[in-house]
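> Here it is, the structure, as structure tokens.
2 protein chains.
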Amino acid sequence: MQQLRNISVIGLGLLGGSIALAARQRLPGARVIGYSHRASTRAKARDLGVGTEIVDDLATAVGAADLVILATPIFTFEGYFAEIAEHVCPRCIVTDVGSTKVMPHQWAERQLDVRARYVGSHPVAGSEQKGVEFARDDLFYQARCVLTTTQTTDRTAVTPLKTFWSALGCSIQVMDPLEHDRIFANVSHVPHVLAAGLVNASDDGDLKFAGKGFLDSTRIASGPPTVWTDVLMANSENIADGIDRTIGELQKLQKAIRSKARQEIEQLLAAAQEKRSALVKYKIRRKELLS
Amino acid sequence: MQQLRNISVIGLGLLGGSIALAARQRLPGARVIGYSHRASTRAKARDLGVGTEIVDDLATAVGAADLVILATPIFTFEGYFAEIAEHVCPRCIVTDVGSTKVMPHQWAERQLDVRARYVGSHPVAGSEQKGVEFARDDLFYQARCVLTTTQTTDRTAVTPLKTFWSALGCSIQVMDPLEHDRIFANVSHVPHVLAAGLVNASDDGDLKFAGKGFLDSTRIASGPPTVWTDVLMANSENIADGIDRTIGELQKLQKAIRSKARQEIEQLLAAAQEKRSALVKYKIRRKELLS
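Listed in order, the protein sequences are those of chains A and B.
Counting with my numbering, you get residues 1 to 291 for the letters of the first sequence.
Counting with my numbering, you get residues 1 to 291 for the letters of the second sequence.
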């Protein structure tokens, strides 16, 4: 199997910074090269010891890489793919850590062509924080990482990439990008829209009385708007459909509440409670959640 | 000011148990009498040292009380008020800890009449757990407690009740029950419906990929369905209106997402982020939330 000795991380925000920190710690002997287009971010990354070296231009960053990981905003991927294609060695593996995967595959196919082997990655980790100063070397520990492949994917790239993410602590699933985007619309992107909608529907004066329940339900609404705008733009149809399904469930509950149909309300709440309780048990069993 | 030396807690679940534990600790010298209609709960409460004594019948529980606190399900209040009215001393203060306040006031007015002075209480504390075994003496520490009064409320009861909740660690606000129910529909009851709706709209297979964001957003959906059914029944109009407002915000976001209106999506997400960030700062300043 191909050894990944030169790893290049493009984009040094929370995710890119954490990948570089974790790779440096978990893959001793590997060169972990970091690049950000912002000089101030590069300076911070150097101070924080993110990666084994931080370089000032993209060509240098990717020129010797066995693996290039794009951790920049989704809608910059196509441009980066085009630029990377000019500089990478043949047989370099290229991936990204975007939260949607259909569009990255399309861009990679268009821009990378045969110069590099592209596989999508989505490490399911992060927080509502933003910036390299929040990077952590344990961000991927016991997280899932979904790899995405299509019929045109060069399969020889999958195993080395699996090994890489496993070394960072991830458990890996491989799936089609279409399936990925449908699933993550439902479990991540729609919940984000709901949290934002709930906050926007709330009156400032009323919010003074909000307790822990409200704060927890809306935590994800504190995520960076630019990052999330990209996600919502890049997976719009699945998300719009998911919002419809959720509105349908809300209207079902609303109808039962308006007509004070005790039995129906209780059935709907009990169904949600049982489903979530089964999920929590599953997550604890898989050690994705502490008991 | 009236001294509350004999405190009676009716209903020994998470809330009642925590009140009895906290009162015993924070009000040395006071008798804290606990009662539950279930023998098994009374036995557990005795084992856990909840209250200074646990008694087997309601008449004994409330006969000598200066303050009776109802911590039973909302729709049992009217029956308890009627029964309590027969046994309490004149000038006893009666309150409840229900999460809705309009209906408890109506029931108290109907059943307690002049035999006791009723003021509503809503200590904004709790968790998705249920039962006396989860009772904690610090549940009310730095929590808010809303007291509700109407034009017919005997005002002499308000100050002793404020003193009681303050001793347990609460900060107190007094308001009208109508205002209370409108506010808490928005910051607590509607979020609960949303969490349940989101879980119910989710596919079991997809949920395996849910991360911390989904779990936090839906934590409140693990609350006890019977307790929450009561809340939704007792505040149905405000909640139905709040669901409408939230659906309106979701549709606004959905429309922007469907039409890929980047600027509008980002504005809506940024508005939510800023509003929540202001709320978090406010809560930290008031020490209701750790920084």
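The C-beta atom is built at its ideal place from N, Cα and C for all residues, glycine as well.
Small disclaimer: the values here were computed from a predicted structure and weren't measured.
For A/Ile284, count neighbouring C-beta atoms within 10 Å of its own C-beta (all shown protein chains included) and say buried if the count is 16 or more, exposed if not.
The sequence position of residue 284 of chain A within the first sequence is 284, counting from 1. With fewer than 16 Cβ atoms within 10 Å of its Cβ, A/Ile284 is classed as exposed.
> Should the region 54-70 of chain A be called in touch with the region 204-221 of chain A, which here means at least 3 C-beta pairs below 8 Å?
No, the region 54-70 of chain A does not touch the region 204-221 of chain A.
> Please work out which residues of its chain come closer than 6 Å, Cβ to Cβ, to A/Lys44, disregarding the five sequence neighbours upstream and downstream, and give them in chain order.
Residue numbering aside, residue 44 of chain A sits at position 44 when the first sequence is read from its first letter. Val132, listed in sequence order.
> Assuming B/Leu168 and B/Ala23 form a contact by the criterion Cβ under 8 Å, report the distance between their Cβ atoms to the nearest whole angstrom.
Translated into the one-based positions of the second sequence, residue 168 of chain B becomes position 168. Translated into the one-based positions of the second sequence, residue 23 of chain B becomes position 23. 7 Å between Cβ atoms; contact.
> So, with DSSP's three-state summary, where would you put B/Val50?
For the purposes of this step, residue 50 of chain B is taken as residue 50 along the second sequence, with counting starting at 1. Residue state, collapsed to three classes: coil.
> Pick out whichever of B/Ala196, B/Arg117, B/Val55 and B/His105 has its Cα sitting closest to the Cα of B/Pro160.
Taking the second sequence and counting its residues from 1, one reaches residue 160 of chain B at position 160. Of the candidates B/Ala196, B/Arg117, B/Val55 and B/His105, the one whose C-alpha sits nearest the C-alpha of B/Pro160 is B/Arg117.
> In the DSSP assignment, what residue or residues form a beta bridge with B/Leu161?
Indexing the second sequence from 1 puts residue 161 of chain B at position 161. B/Leu161 pairs with nothing; no bridge assigned.
> Locate the alpha helix (DSSP H) running through A/Pro104, then write down its first and last residues.
For the purposes of this step, residue 104 of chain A is taken as the residue at position 104 of the first sequence. Looking at the DSSP string, the run of the alpha helix (DSSP H) that includes A/Pro104 is Val102 to Gln111.
> Taking C-alpha atoms, which residue in A/Gly49, A/Ser222 and A/Pro123 lies nearest to B/Phe209?
Locating residue 209 of chain B in the second sequence gives position 209, counting from the first residue. The option with the nearest alpha carbon to B/Phe209 is A/Pro123.
> Do you know offhand how far A/Arg182's Cα is from B/Thr149's?
Counting from one through the first sequence, the residue named residue 182 of chain A turns up at place 182. Counting from one through the second sequence, the residue named residue 149 of chain B turns up at place 149. Going from the Cα of A/Arg182 to the Cα of B/Thr149 covers about 50 Å.
> For A/Ala125, which residues of its own chain have a beta-carbon under 7 Å away from its beta-carbon, when the five flanking residues on both sides are left out?
The count along the first sequence starts at 1 and reaches residue 125 of chain A at position 125. Only Leu139, Phe140 and Ala143 meet the Cβ criterion.
> Taking the alpha helix (DSSP H) that A/Gln273 belongs to, which residues open and close that run?
One-based indexing of the first sequence puts residue 273 of chain A at position 273. A/Gln273 -> alpha helix (DSSP H) spans Arg262 to Arg285.
> Could you tell me the distance, in whole angstroms, from the CA atom of A/Glu179 to the CA atom of B/Thr153?
The sequence position of residue 179 of chain A within the first sequence is 179, counting from 1. The sequence position of residue 153 of chain B within the second sequence is 153, counting from 1. Each residue's Cα considered, the two are about 60 Å apart.
> What do you reckon, are the CB atoms on A/Gln106 and A/Ala82 nearer than 8 Å?
As a position in the first sequence, residue 106 of chain A is number 106, starting the count at 1. As a position in the first sequence, residue 82 of chain A is number 82, starting the count at 1. No, they are not a contact pair.
> Kindly indicate which three-state DSSP category B/Val9 falls into: helix, strand or coil?
Here residue 9 of chain B refers to the residue found at position 9 of the second sequence. Looking at B/Val9 - three-state DSSP - the assignment turns out to be strand.
> Looking at C-beta atoms only, is the number of pairs between the region 77-93 of chain A and the region 45-60 of chain A that lie closer than 8 Å three or more?
Enough Cβ pairs lie closer than 8 Å, so yes.
> Am I right that B/Pro73 and A/Gln273 are in contact with their C-beta atoms under 8 Å? What's the rounded C-beta distance?
Within the second sequence, residue 73 of chain B is the residue found at index 73, counting from 1. Within the first sequence, residue 273 of chain A is the residue found at index 273, counting from 1. The pair is not a contact, with the Cβ atoms about 16 Å apart (cut-off 8 Å).
> Per the contact definition of three or more C-beta pairs closer than 8 Å, is the region 4-22 of chain A in contact with the region 35-43 of chain A?
Yes, the region 35-43 of chain A is in contact with the region 4-22 of chain A.
> Which first and last residues belong to the beta strand (DSSP E) in which A/Ile183 is found?
Position 183 of the first sequence, counted from the start, is the residue given in the question as residue 183 of chain A. First-last for A/Ile183: Pro177 to Phe184, but that is the alpha helix (DSSP H), not the beta strand (DSSP E).
> CA-CA distance, A/Val199 and B/Ile69?
One-based indexing of the first sequence puts residue 199 of chain A at position 199. One-based indexing of the second sequence puts residue 69 of chain B at position 69. Each residue's Cα considered, the two are about 33 Å apart.
> Residues of chain A with a CB under 7 Å from the CB of B/Gly197: which are they?
Taking the second sequence and counting its residues from 1, one reaches residue 197 of chain B at position 197. Chain A residues near B/Gly197: Thr246, Glu249, Leu250 and Leu253.
> Are there three or more Cβ pairs, one per stretch, closer than 8 Å when the region 226-233 of chain B is compared with the region 186-206 of chain A?
No, because fewer than three Cβ pairs between the region 226-233 of chain B and the region 186-206 of chain A fall closer than 8 Å, the two stretches do not touch.
> Hey, which unbroken runs of the beta strand (DSSP E) at 3 residues or more fall wholly within the region 53-86 of chain A?
The region 53-86 of chain A contains these whole beta strand (DSSP E) runs: 67-70.
> Output the distance between the C-alpha atoms of A/Val193 and B/Asp113, rounded to the nearest integer angstrom.
By 1-based counting over the first sequence, the position of residue 193 of chain A is 193. By 1-based counting over the second sequence, the position of residue 113 of chain B is 113. A/Val193 and B/Asp113: Cα-Cα distance of roughly 48 Å.
> Got a sec? Which residues, its chain only, sit under 6 Å from B/Ala108 by beta carbon, not counting five neighbours each side?
As a working note, residue 108 of chain B is residue 108 in the second sequence. Excluding sequence neighbours, B/Ala108 sits near Phe81 and Tyr118.
> Could you list the residues in the region 141-170 of chain B with a C-beta less than 7 Å from some C-beta on chain A, going in chain order?
Per Cβ criterion, the list reads Arg144.
> So that I know if they touch, is there some Cβ in chain B lying closer than 8 Å to that of A/Asp137?
Walking along the first sequence from the start, residue 137 of chain A turns up at place 137. No, A/Asp137 does not count as interfacial toward chain B.
> Can you tell me the Cα-Cα spacing of A/Val280 and B/Arg115, whole angstroms?
If you number the first sequence from 1, residue 280 of chain A lands on position 280. If you number the second sequence from 1, residue 115 of chain B lands on position 115. One C-alpha to the other measures close to 48 Å.
> Per DSSP, A/Gln173 forms a beta bridge with which residues?
If you number the first sequence from 1, residue 173 of chain A lands on position 173. In DSSP, A/Gln173 forms a bridge with A/Val146.
> What separation, rounded to the nearest whole angstrom, lies between the Cα atoms of B/Ala261 and A/Arg276?
Taking the second sequence and counting its residues from 1, the one referred to as residue 261 of chain B is at position 261. Taking the first sequence and counting its residues from 1, the one referred to as residue 276 of chain A is at position 276. If I take the Cα positions, the gap works out to 33 Å.
> Name, please, each residue of chain A whose Cβ falls closer than 7 Å to the Cβ of B/Pro123.
Working through the second sequence from its first residue, we reach residue 123 of chain B at position 123. None at all; the shortest Cβ gap to chain A is about 10 Å.
> Short of 7 Å Cβ to Cβ, which residues in the region 255-275 of chain A face chain B?
Against chain B - using a Cβ distance shorter than 7 Å - the residues of the region 255-275 of chain A are Ile257, Arg258, Lys260, Arg262, Ile265, Glu266, Leu268, Leu269, Ala270, Ala271, Ala272, Gln273 and Lys275.
> Is B/Asn238 close to chain A, meaning its C-beta is less than 8 Å from at least one C-beta of that chain?
The sequence position of residue 238 of chain B within the second sequence is 238, counting from 1. It does not; no Cβ of chain A falls within 8 Å.
> Please confirm if B/Lys130 has its CB atom under 8 Å from at least one CB of chain A.
The count along the second sequence starts at 1 and reaches residue 130 of chain B at position 130. Output row for B/Lys130: interface = no.
> Report the CB separation of B/Gln254 from A/Ala196 in whole angstroms; it is logged as a contact under 8 Å.
As a first step, residue 254 of chain B must be located in the second sequence, where it is residue number 254. As a first step, residue 196 of chain A must be located in the first sequence, where it is residue number 196. That belief does not hold up - the Cβ atoms of B/Gln254 and A/Ala196 are roughly 11 Å apart, past 8 Å.
> Kindly indicate which residue of A/Lys101, A/Gln263, A/Cys145 and A/Arg46 has the alpha-carbon position closest to the one of A/Ala20.
For this step, residue 20 of chain A is matched to residue 20 along the first sequence. The candidate whose alpha carbon is nearest that of A/Ala20 is A/Arg46.
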